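S.K.: Sending over a structure as C-alpha cells; questions will come in a sec.
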Amino acid sequence: MSHKLPILLLSAALTFAASGQTLAQTAAEEIGVTQISTTLQQTQPTAPQIKIPAVITQAVQATNAAADALNAVPSGPALPPVVPPTPVYLAGLSTAQQSLQAGNYRQAQKQYEALVAQNYQNPQAHFGLGLSLFAQSDLNGAKFEFSQLAALDPSGFEGPYNLGVIASRQGQSAEALTQFGKAAGLARGKVTVAVMRQVLEALAGEQTRKQDYTGLVATLSEMSRAEPTDLTLQVREAQALVLSGQGTVALPVLYAVRQTDPGNVDAALLTADIYIDQKLQSRAIRELDLATAAATDGSAKGRLLLHKAELLAAVSPSKDALQAAVAATQADSRNAAAFAKLGELRFARTDRSGALSAWQAAVKLEPKNGLYRANLAVVRLSLGQLSEAAQDARSASNLSSDNATVARAQFVLGVASYRQKAYAQARSVLASSVLKAPSAEAYLWLGLTSYALKDYAGAVDALTQSNTLQPNAATRVNLGSALLAAARYSEAETVLRAVVVADASNAAAWYQLGLARRALGREAEAQTSFRTAANLGDARARSALKVKAGAP
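Numbering (mature numbering (1 follows the signal peptide of the UniProt record, and there is no 0)), first residue to last: -24 to -1, 1 to 528.
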C-alpha cells in the first residue's frame, strides 16, 4: 500500500487534517476519553500499575492516496468502484473533525454518518464516526465502525487497537488480548518507538489482567529492547519473570538496574524476594541492607527497612524484626504500613501499650484504613478499653468492604458487648461475624453469649462449630456445660470424658463429668469424678460431695 492510516501517541488527542492539505495538521485537543487501567495485584512482588491507553484519536490524511488504501479490502462480493475523495468530501471531513475536536460529539456523529453514506469504502469517515460514538459511550456503535475500519485497511493497526480498547472496556479480556496482539503485529517495524510503546502497553495490560505472565515477559522484553535506558521497564520485566516462575533469570536484569541506579528500591525489594524464594533469607537481608545504605531519602529507606522487618517477622516476631520496624518508622514517619508492622510485632511480643501507640500512629496516618482501625480495636480490647474498642470496631466496619476485616471488627464489638453484659447486641454482631468469616474464636464467644441468654441449643451449636474449627480442651469444657444446661447428659458425658482422658489434670472437666453422671443416675461414678476434681482444687466439686453426703 502507498498510504497508511495515520497514527497517534498516548495523549488521547485529535489531530485534524484541513481541507485541501496533503499533510496539514491543526493543534491537538483532548476529547475527554476516559482511560482504562488495571493493576496487577500480587503479594510478592508488587507489580506495577499498567494503563491501557484510550482510543487512538488521530484523524486520517485527507488526500487522494486514500484510494490506494482501499485496494487492501478483502475479496468478497463485488463492491462499487472506489471513488477518490472529492474536494467537497474533504471539506465535509474537515467540518466533522472540527465538531469532534470541539466536543460536539452528536453533531460530529451526524456529519460522519452522512460522509459514510456518500462514500462507504473510505475509511476516514468510519474512523471519525467510531471516535464520535466512543466519546458518547456508545461502545457497540463504535465497535461496529472500528470493525469496518479494520476491514477497509487490514494492514493498519488502528482498527484492531481500537477494537481492543472497546473489548477491554466491556470486560471482554480475551477479545481485548487478541485484538491488541493483532495491533502489535501490524504495527511492529512500521511505527515510531513511542507509538509501538503505546500498543505494547495495551497488550501488556491485558496480559497482566489474564495473568499471562509468559506473554507479559515477551512484551516487556520487547519494550525494554526498544528503550534500553528505561530502568522502570527493566524492573517490570524482572517482575514478570518472577511471576512466570523464572525468578533466578530476573536476577541479572535486576543487578544491571542496580548498577546503574544503586538506590532503586523496587529492584532491591524484588532481588530480596527472589532470594527468599530460594530459601536464602540471610542473603535477602544483606541485599536489603546494601540498598538501605545506598538509599538517598527517608521514604526509600523506610520501604526497605519495612520489607526487612516483614521478612524477619515471617520466621518469628524476633527482636531483629522489631528493630527493623522501629528503624522503618524512624526513617519515614509518614509510612503508615511501617507503624502497622511495628504494632503487629509489639502485640505478638505482648507489649500491649507499645502496640497501642503504634496502631494509633498508623490510624492517624491513614484514618480511612479499616484494617488498621480493626487491629487498633483488638489491641484496645486486650487492654480492657471496652468503650474505645467498640467505637474503633464500629468505625472499621463502616470503613471496610473486606469481609475478613469487617468480621474481625464485629468480633471485637461482640466481645466488648459481652463483657459489658449487652448480650443481645453481642450475639447479633458475633452471628454476623461468623457468617462473613467463620473463626473458632468468634464461634466460641457466640456460644458463650448464647449461653448467657439461656439459649442453650444455640450455645451447643456455636461451641460445636468452634471445636470443629479448632479443637481444644477449653472449648470442649464449655461445650460440656452447654450440653448439661440443655439436658443432653449422655452427649455431655461423652465430650467431657474425652477431655479427662486427654488431660487427667483438668479439674473443671472432672467436675462437669460428675454432674453429667449424677444426672444419668450413676452416682458412684459421679462421686469418683467429683472427688478427683476436688483433689485437683475445684471448690465446686467439694460442695457437690457435701451435698450428696448431707442428702436425706
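Backbone N, C-alpha and C define an ideal beta-carbon position, used for all residues, glycine too.
If you're wondering where the values come from, they're calculated on a predicted model, not measured in any experiment.
If you follow the alpha helix (DSSP H) that K119 is part of, which residue opens it and which one closes it?
M.R.: Taking the first residue of the sequence shown as position 1, residue 119 is located at position 143. Note, K119: alpha helix (DSSP H), L115 to L128.
S.K.: Please classify A38 as buried or exposed, where buried requires at least 16 neighbouring CB atoms within 10 angstroms.
M.R.: Here residue 38 is taken as the residue at index 62 of the sequence shown, counted from 1. Any answer about A38 is weak, because its pLDDT of 34 lies below 50 and its placement is not dependable; what the coordinates show is given next. Buried: at least 16 other Cβ atoms inside 10 Å.
S.K.: Pick out whichever of N454, S409 and A126 has its Cα sitting closest to the Cα of A433.
M.R.: Start at 1 with the first residue of the sequence shown, and residue 433 comes out as number 457. Checking every option, the nearest Cα to that of A433 belongs to N454.
S.K.: Is Q446 closer than 9 Å to L472 when the C-beta atoms are compared?
M.R.: In the sequence shown, residue 472 corresponds to position 496, counting from 1. In the sequence shown, residue 446 corresponds to position 470, counting from 1. Not a contact, by the Cβ cut-off of 9 Å.
S.K.: Return the first residue and the last residue of the alpha helix (DSSP H) that Q367 is part of.
M.R.: On the sequence shown, position 391 is the one that residue 367 refers to. Note, Q367: alpha helix (DSSP H), L362 to L375.
S.K.: Going by beta carbon distance, what residues of the same chain come within less than 6 Å of A485, once the five residues before and after it are set aside?
M.R.: For the purposes of this step, residue 485 is taken as residue 509 along the sequence shown, with counting starting at 1. These residues qualify, in order along the chain: V453, L472, V475 and V476.
S.K.: Which complete alpha helix (DSSP H) runs does the region 448 to 482 hold, if anything under 4 residues is left out?
M.R.: Correct list: 449 to 461 and 465 to 478.
S.K.: What separation, rounded to the nearest whole angstrom, lies between the Cα atoms of residue 609 and V167?
M.R.: The requested residue 609 is not part of the displayed model; the chain covers only -24 to 528.
S.K.: Looking only at its own chain, which residues have a Cβ that is under 7 Å from the Cβ of L389, when we skip the five neighbours before and after it?
M.R.: Mapped onto the sequence shown, residue 389 falls at position 413. A366, A369, R370 and V405.
S.K.: By the three-class DSSP mapping on this structure, what secondary structure does N311 have?
M.R.: Along the sequence shown, one-based indexing puts residue 311 at 335. Coil at N311, not helix or strand.
S.K.: Where does Y96 fall in DSSP's three states?
M.R.: Locating residue 96 in the sequence shown gives position 120, counting from the first residue. Here Y96 sits in coil by DSSP.
S.K.: For L429, which three-state DSSP category applies?
M.R.: As a working note, residue 429 is residue 453 in the sequence shown. Here L429 sits in coil by DSSP.
S.K.: Would you kindly check if the distance between the Cβ of K277 and the Cβ of D308 is under 9 Å?
M.R.: In the sequence shown, counting from the first residue as 1, residue 308 sits at position 332. In the sequence shown, counting from the first residue as 1, residue 277 sits at position 301. In this structure, K277 lies closer than 9 Å to D308 by Cβ.
S.K.: Relative to the C-alpha of N374, which residue among D479, L347 and D253 is closest?
M.R.: Your numbering for residue 374 matches position 398 in the sequence shown. Comparing Cα positions, the closest option is L347.
S.K.: Going by beta-carbon coordinates alone, are P238 and A260 separated by less than 9 Å?
M.R.: As a first step, residue 238 must be located in the sequence shown, where it is residue number 262. As a first step, residue 260 must be located in the sequence shown, where it is residue number 284. No. Outside cutoff.
S.K.: In whole angstroms, give me the CA-to-CA distance for A520 and L496.
M.R.: Along the sequence shown, one-based indexing puts residue 520 at 544. Along the sequence shown, one-based indexing puts residue 496 at 520. Approximately 15 Å between the Cα atoms of the pair.
S.K.: For D265, which residues from the same chain have a beta carbon less than 8 Å from its beta carbon, with the 5 sequence-adjacent residues on both sides left out?
M.R.: Sequence index remark: in the sequence shown, residue 265 carries index 289 (1-based). If we look at D265 and ignore the five residues flanking it on each side, its Cβ neighbours are K284.
S.K.: Assuming I250 contacts A269 under a Cβ cut-off of 8 Å, what Cβ separation, rounded to an integer in Å, is found between them?
M.R.: One-based indexing of the sequence shown puts residue 250 at position 274. One-based indexing of the sequence shown puts residue 269 at position 293. The Cβ separation is near 20 Å, so there is no contact.
S.K.: Measuring straight from C-alpha to C-alpha, what distance separates A418 and V233?
M.R.: As a first step, residue 418 is located in the sequence shown; it is residue number 442 there, counting from the start. As a first step, residue 233 is located in the sequence shown; it is residue number 257 there, counting from the start. About 48 Å.
S.K.: For P99, which residues of its own chain have a beta-carbon under 6 Å away from its beta-carbon, when the five flanking residues on both sides are left out?
M.R.: Sequence index remark: in the sequence shown, residue 99 carries index 123 (1-based). Excluding sequence neighbours, P99 sits near L125, L128 and D129.
S.K.: Could you tell me the distance, in whole angstroms, from the CA atom of N138 to the CA atom of F122?
M.R.: Residue 138 sits at position 162 when you count from the first residue of the sequence shown. Residue 122 sits at position 146 when you count from the first residue of the sequence shown. About 7 Å.
S.K.: In three-state DSSP terms, what is A(-1)?
M.R.: Counting from one through the sequence shown, the residue named residue -1 turns up at place 24. Model confidence at A(-1) stands at a pLDDT of 21, short of 50, so the residue's coordinates are unreliable and nothing is read from them.
S.K.: In whole angstroms, what is the alpha-carbon distance linking A435 and S409?
M.R.: Working through the sequence shown from its first residue, we reach residue 435 at position 459. Working through the sequence shown from its first residue, we reach residue 409 at position 433. Roughly 16 Å between the two C-alpha positions.
S.K.: Taking A304 and A314 to be in contact with their CB atoms under 8 Å, please state how far apart those CB atoms are, rounded to whole angstroms.
M.R.: Taking the first residue of the sequence shown as 1, we reach residue 304 at position 328. Taking the first residue of the sequence shown as 1, we reach residue 314 at position 338. Indeed they touch by this definition, with Cβ atoms about 4 Å apart.
S.K.: Enumerated in chain order, which unbroken segments of the alpha helix (DSSP H) with a length of 4 residues or greater are wholly contained in the region 254 to 323?
M.R.: With a minimum length of 4 residues, the continuous alpha helix (DSSP H) runs that stay inside the region 254 to 323 are 257 to 270, 274 to 289 and 295 to 307.
S.K.: To the nearest angstrom, how far is it from the Cα of S426 to the Cα of V391?
M.R.: Numbered from its first residue, the sequence shown carries residue 426 at position 450. Numbered from its first residue, the sequence shown carries residue 391 at position 415. Going from the Cα of S426 to the Cα of V391 covers about 12 Å.
S.K.: So, T195 versus A160, is the Cβ gap smaller than 9 Å?
M.R.: Within the sequence shown, numbered from 1, the residue matching residue 195 stands at position 219. Within the sequence shown, numbered from 1, the residue matching residue 160 stands at position 184. Yes, they are a contact pair.
S.K.: Would you say L439 and A468 are within 9 Å of each other, going by their C-beta atoms?
M.R.: For this step, residue 439 is matched to residue 463 along the sequence shown. For this step, residue 468 is matched to residue 492 along the sequence shown. Taking 9 Å as the Cβ cut-off, L439 and A468 do not qualify as a contacting pair.
S.K.: Check for me: the alpha helix (DSSP H) holding E198 runs from which residue to which?
M.R.: In the sequence shown, the residue the question calls residue 198 occupies position 222. Note, E198: alpha helix (DSSP H), Y189 to A202.
S.K.: Got a sec, what are the start and stop residues for the alpha helix (DSSP H) F133 sits in?
M.R.: Locating residue 133 in the sequence shown gives position 157, where the first residue counts as 1. Looking at the DSSP string, F133 is not in any alpha helix (DSSP H), and its letter there is neither H nor E.
S.K.: Is DSSP giving A143 helix, strand or coil here?
M.R.: For the purposes of this step, residue 143 is identified with residue 167 of the sequence shown, where counting begins at 1. In this structure, A143 counts as helix in the three-state DSSP scheme.
S.K.: Between D437 and R403, is the Cβ-Cβ spacing less than 9 Å?
M.R.: Working through the sequence shown from its first residue, we reach residue 437 at position 461. Working through the sequence shown from its first residue, we reach residue 403 at position 427. For D437 and R403, no; Cβs fall outside 9 Å.
S.K.: Would you tell me roughly how many angstroms separate the C-alpha atoms of P61 and R185, rounded to the nearest one?
M.R.: Mapped onto the sequence shown, residue 61 falls at position 85. Mapped onto the sequence shown, residue 185 falls at position 209. Roughly 42 Å separates the two Cα atoms.
S.K.: On the DSSP letters alone, give me the boundaries of the alpha helix (DSSP H) that K158 sits inside.
M.R.: Along the sequence shown, read from residue 1 onward, the residue named residue 158 stands at position 182. S149 to A163 is the span of the alpha helix (DSSP H), which, as asked, contains K158.
S.K.: Compute the Euclidean distance between the alpha carbons of A214 and Q183, then round it to the nearest angstrom.
M.R.: On the sequence shown, position 238 is the one that residue 214 refers to. On the sequence shown, position 207 is the one that residue 183 refers to. So the two alpha carbons sit approximately 15 Å from each other.
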